[in-house]
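Residues in the sequence shown are numbered from 1268 upward in steps of one, following our numbering.
Built from N, CA and C at the ideal position, the CB exists for glycine as well.
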Amino acid sequence: MIYRDYILLTKGSCPYCQEAEGLLESLEINYQAIDLEAVPEVLQQFKGAMEHNTVPIVLGSFGAGCYKLIGGCDDLKRTLVVEDE
């Protein structure tokens, strides 16, 4: 699937979050990273709502403000490989 842009819910100290951001930057793909390390209770709420227990939580958008859960860093990598083919 080709996404127009991405949202990353991250913890700044997380190496997988940094890797996901670096990957999107290197490919010049639009994204917004929201660092939730300072508000762990909000991060826990997102994890529960998304049923995704790790960070980053990666969301992709087709446009019009509609986002779909992609998963984590490895899921993002798989998505980008599919997009490049």
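Local conformation of residue i per DSSP, three classes
i: Gly1279; result: coil
Between the CA atoms of residue j and residue i - distance to the nearest angstrom
i: Glu1348; j: Asp1341; result: What sits at residue 1348 in the sequence shown is Val, not Glu. Rounded to the nearest angstrom, the two C-alpha atoms are 11 Å apart.
i: Leu1294; j: Ser1280; result: 22 Å
i: Gly1338; j: His1319; result: 7 Å
i: Ile1238; j: Asp1272; result: Residue numbering for the chain in the displayed model covers 1268 to 1352; residue 1238 lies beyond these limits and cannot be assessed.
i: Gly1327; j: Leu1336; result: 7 Å
i: Tyr1283; j: Phe1329; result: 24 Å
i: Thr1346; j: Met1317; result: 18 Å
i: Gln1285; j: Cys1333; result: 24 Å
Residue i and residue j closer than 8 Å at C-beta
i: Pro1323; j: Leu1276; result: yes
i: Tyr1298; j: Ile1274; result: yes
i: Ala1300; j: Val1325; result: no
i: Leu1303; j: Lys1344; result: no
>> List, from N- to C-terminal side, the beta strand (DSSP E) runs of 3 residues or more that fit wholly inside the stretch 1274-1345.
In response: For the stretch 1274-1345, whole beta strand (DSSP E) runs of length 3 or above, ordered along the chain, are 1298-1302, 1324-1330, 1333-1338.
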